[in-house]
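If you're matching positions, the sequence shown starts at 33 in our numbering and goes up one per residue. Built from N, CA and C at the ideal position, the CB exists for glycine as well.
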Amino acid sequence: PSEDRPWVDKMVDYAKTDHRYLECDNENMIENLYKAVDARDLPCMADVESSMLYFCSKVVKYNKVTLTGECADEIFGGYPWFHKEECFKAEIFPWSMDMQPRKMLLNDDIIQKVDLESYARTAYQKTINETPKLYGEDQIEARRRQISYLNLRWFMVTLMDRMDRTSMHCGLEARVPFADHRIVEYLYNVPWELKCLNGVVKGLLRAAGEGILPDEVLYRRKSPYPKTYDPNYEKILSKELLKVMAKKGAPIKELIDAYKLSRFLDSPKDYGKPWYGQLMAGPQMIAYLLQVNYWLEKYQITLDLS
Numbered sequence: 033p034s035e036d037r038p039w040v041d042k043m044v045d046y047a048k049t050d051h052r053y054l055e056c057d058n059e060n061m062i063e064n065l066y067k068a069v070d071a072r073d074l075p076c077m078a079d080v081e082s083s084m085l086y087f088c089s090k091v092v093k094y095n096k097v098t099l100t101g102e103c104a105d106e107i108f109g110g111y112p113w114f115h116k117e118e119c120f121k122a123e124i125f126p127w128s129m130d131m132q133p134r135k136m137l138l139n140d141d142i143i144q145k146v147d148l149e150s151y152a153r154t155a156y157q158k159t160i161n162e163t164p165k166l167y168g169e170d171q172i173e174a175r176r177r178q179i180s181y182l183n184l185r186w187f188m189v190t191l192m193d194r195m196d197r198t199s200m201h202c203g204l205e206a207r208v209p210f211a212d213h214r215i216v217e218y219l220y221n222v223p224w225e226l227k228c229l230n231g232v233v234k235g236l237l238r239a240a241g242e243g244i245l246p247d248e249v250l251y252r253r254k255s256p257y258p259k260t261y262d263p264n265y266e267k268i269l270s271k272e273l274l275k276v277m278a279k280k281g282a283p284i285k286e287l288i289d290a291y292k293l294s295r296f297l298d299s300p301k302d303y304g305k306p307w308y309g310q311l312m313a314g315p316q317m318i319a320y321l322l323q324v325n326y327w328l329e330k331y332q333i334t335l336d337l338s
């Protein structure tokens with residue numbers, strides 16, 4: 033929705049705090065793509081994670097402990113899928129409703145052997161079946177409870193692991209007050225009309241901050257974690273991935289169709305429509321594939337495609 037810098041400036045002026053402004057350029061973002069895999073032990077959220085790792089490496093020089101806002105959206109209902117009708121009605125994980133982007137570059141034989149849709153729907157349905165029910169809830173409130181539980185069991189865990197791995201990899205302790213089990217348990221049964229007080233996203237949380245923060249900051253529309261929109265970043269990634277695909281024995285070549293990849297790299301990327309969460313769009317797919325190849329090579333993983 034808007035850049036963070038002007039709002040940070042407002043808070044610095046209001047709270048009289050000491051801030052340092054950090055910027056992660058393309059070179060650092062790409063360099064940290066592979067370090068982020070080292071930290072997570074898995075391919076991860078591409079430049080979203082590599083930039084966070086970079087920032088953690090800088091913050092730890094000044095502070096050994098920091099507070100982060102992870103879990104606020106999960107427990108107060110801040111994500112788009114708590115509000116958008118198409119997400120609300122989807123009988124699949126609402127942050128990853130379309131499987132096509134995940135399959136579009138795979139070899140045809142992989143697509144035939146691995147039924148991604150069935151796997152995802154089975155995991156989704158299993159979680160729905162175990163969602164605690166509250167007697168007397170109407171259908172809409174019951175569905176909101178399901179979405180809340182899906183977030184607690186899946187999406188929140190991913191982001192918590194991301195924060196924990198990137199911070200501790202740098203020796204920075206990130207504390208997550210919104211993940212305290214007491215507030216999570218308490219808010220799980222708070223009615224939606226209170227969570228979304230006066231029709232405002234995370235209205236209850238914002239109301240709790242009145243008198244502590246300036247209203248213009250408190251009621252600012254949420255802006256997700258920043259990602260790059262620099263086309264040069266995409267160009268650098270594309271060149272790197274083409275080098276990998278030209279390398280004899282690159283493990284990712286067993287998974288990716290070279291012709292499909294070539295067409296994908298030559299086509300305009302959608303920077304806005306994510307294939308996972310709110311941030312993972314076209315350029316992040318390229319970065320993710322680089323991470324997958326690095327991970328396969330580093331851990332010497334052999335794929336059984338029989």
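Just to confirm my understanding: we take residue i, look at its own chain, exclude 5 residues before and 5 after, and list those with CB closer than 6 Å. What are they?
i, result
"cysteine 202", "Cys88, Ser89 and Val92"
"glutamine 178", "Ile160 and Thr163"
"leucine 293", "Leu137"
"valine 276", "Ala282 and Asn325"
Using a Cβ-Cβ cutoff of less than 8 Å, which residues in the same chain neighbour residue i once the five nearest sequence positions on both sides are dropped?
i, result
"asparagine 58", "Thr260, Asp262, Asn264, Tyr265 and Ile268"
"tyrosine 303", "Note that tyrosine 303 scores a pLDDT of 49, beneath 50, so its modelled location is shaky and nothing firm can be said."
"glutamate 205", "Lys96, Val97, Thr98 and Ser199"
"serine 34", "Arg252, Arg253 and Ser255"
With a CB to CB cut of under 7 Å and the five nearest residues on each side skipped, what residues in its chain are close to residue i?
i, result
"tyrosine 326", "Tyr66 and Val69"
"tyrosine 308", "Trp127 and Ser128"
How would you label residue i, buried or exposed, when you count the other beta carbons within 10 angstroms and need 16 or more for buried?
i, result
"proline 258", "exposed"
"tyrosine 320", "buried"
"tyrosine 86", "buried"
"lysine 254", "exposed"
"aspartate 41", "exposed"
"alanine 78", "buried"
"tyrosine 111", "buried"
"tyrosine 218", "exposed"
"glutamine 323", "buried"
"asparagine 221", "exposed"
"aspartate 298", "exposed"
"aspartate 105", "buried"
"alanine 47", "exposed"
Reducing DSSP to helix, strand and coil, say where residue i ends up.
i, result
"arginine 52", "coil"
"tyrosine 257", "coil"
"leucine 245", "strand"
"leucine 335", "coil"
"asparagine 60", "helix"
"tryptophan 345", "Past the boundaries of the shown model lies residue 345; the chain is included only from 33 to 338, so the question cannot be answered."
Going by the DSSP bridge assignment, what does residue i pair with across the sheet?
i, result
"alanine 206", "Thr98"
"tyrosine 308", "Met312"
"leucine 138", "Ile288"
I'd like to check one pair, residue j with residue i: are the Cβ atoms closer than 8 Å?
i, j, result
"arginine 197", "alanine 71", "yes"
"alanine 152", "isoleucine 107", "no"
"glutamate 63", "arginine 194", "no"
"tryptophan 224", "glutamate 169", "no"
"isoleucine 333", "leucine 273", "no"
"methionine 188", "cysteine 103", "yes"
"leucine 226", "leucine 237", "no"
"glycine 101", "lysine 234", "no"
"lysine 145", "leucine 337", "yes"
"methionine 131", "glutamate 118", "no"
Mind checking if residue i is an interface residue toward chain D, Cβ cutoff 8 Å exclusive?
i, result
"phenylalanine 187", "Judged by its chain identifiers, the structure shown contains no chain D, having just a single protein chain."
Let me check you understand the geometry: is the CB of residue i closer than 7 Å to at least one non-hydrogen atom of the ligand GTP?
i, result
"asparagine 60", "Because no ligand of any kind appears in the structure shown, any question about the ligand GTP cannot be addressed here."
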